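In our numbering, the protein residues as written are 33 to 122.
The C-beta atom is built at its ideal place from N, Cα and C for all residues, glycine as well.
Computed from a predicted structure; not experimentally measured.
These notes are about the structure you will find just below.
This is the structure in structure tokens:
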């Protein structure tokens, strides 16, 4: 017996969603965001031998900090005072 196929019905178009999905912490995800500085914070924490929470990145120099992608560049930013190890909270 030949197999009979059912005709395919076109699906309705999905609604367009303008808001990006939220990540944990309520912030929106955007891969192209140049201000995401997790690598810089991790490298600075390893160089300064402390946790990532103790590292302060100068928000006024976010563009320059986000361009640093090596330990050498992070050391230079630490020397310039753009990345600081915060004091211990008491």
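In or out: residue i buried (at least 16 other Cβ within 10 Å) or exposed?
i           : result
residue 100 : buried
residue 75  : buried
residue 71  : exposed
residue 73  : buried
residue 35  : exposed
How far does the alpha helix (DSSP H) with residue i in it extend, from its first residue to its last?
i           : result
residue 35  : It is not in any alpha helix (DSSP H) - residue 35 carries neither H nor E in the DSSP assignment.
residue 71  : 70-80
residue 108 : 103-112
residue 122 : Where residue 122 is concerned, there is no enclosing alpha helix (DSSP H), given that its DSSP letter is neither H nor E.
residue 92  : It is not in any alpha helix (DSSP H) - residue 92 carries neither H nor E in the DSSP assignment.
Select from the options the residue whose C-alpha is nearest the C-alpha of residue i.
i           : options       : result
residue 120 : 68, 69, 86    : 86
residue 80  : 110, 35, 122  : 110
residue 95  : 114, 122, 118 : 114
The beta strand (DSSP E) that contains residue i, what's its start and end?
i           : result
residue 89  : 87-89
residue 117 : 115-117
Assuming the contact rule is C-beta atoms closer than 8 Å, residue i and residue j should be a hit. Round their C-beta distance to whole Å, please.
i          : j           : result
residue 98 : residue 69  : 5 Å
residue 88 : residue 118 : 5 Å
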